[in-house]
DNA sequence: AAACTGACTTCTC
DNA sequence: GGAGAAGCCAGTT
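Residue numbers (my numbering): 1239 to 1344.
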């Protein structure tokens, strides 16, 4: 049976939780894994609500160009970047992530 | 049920 | 490469 037992958001959370440490995934990437390659915006909204804040490492989710967007958590973009750096994510001088290296190869 | 919003992506100039 | 505009999706009001 193909019943959608889990919501799109639930799928998103599941995918985000699968992101390995030291790597980052883009909203489009997550959306694609969640089943809708164009639901990048929806993914961001789910993170904003983020009922699974401590469960979903939303700080590992970045834009396609490698820029840290959003993150209503403590520290904002600043704290998010710091967290990623602490995990081993390589940042460029433009405060952008080196997707070629730290991008989630999925 | 309809309209608005938003942590995106892609196209074009 | 940078800036602006349009399109798309799910959730919330």
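Positions of the beta carbon are idealized from the N, C-alpha and C atoms, including for glycine.
Would you grab the beta carbon distance between residue i and residue j for me? Rounded to a whole angstrom, and I think it's under 8 Å.
i	j	result
residue 1328	residue 1301	Their Cβ separation, rounded to whole angstroms, is 16 Å, which puts residue 1328 and residue 1301 out of contact at 8 Å.
residue 1293	residue 1255	7 Å
residue 1319	residue 1306	6 Å
What does a CB cutoff of less than 8 Å around residue i pick up in its chain, not counting 5 residues either side in sequence?
i	result
residue 1246	1272, 1273, 1274, 1277, 1280, 1284
residue 1343	1261
Quick one: using the 10 Å Cβ neighbour count with 16 as the cut-off for buried, is residue i buried or exposed?
i	result
residue 1263	buried
residue 1352	No answer is possible for residue 1352: it lies beyond the span of the chain, which begins at 1239 and ends at 1344.
Check whether the Cβ atoms of residue i and residue j sit closer than 9 Å, and answer yes or no.
i	j	result
residue 1311	residue 1317	yes
residue 1282	residue 1308	yes
Kindly list the residues whose CB is nearer than 7 Å to the CB of residue i, restricted to its own chain and excluding five residues on each side of it in sequence; keep chain order.
i	result
residue 1321	1297
residue 1250	1268, 1272, 1281, 1284
residue 1290	1251
On the DSSP letters alone, give me the boundaries of the alpha helix (DSSP H) that residue i sits inside.
i	result
residue 1329	Where residue 1329 is concerned, there is no enclosing alpha helix (DSSP H), given that its DSSP letter is neither H nor E.
residue 1271	1265 to 1272
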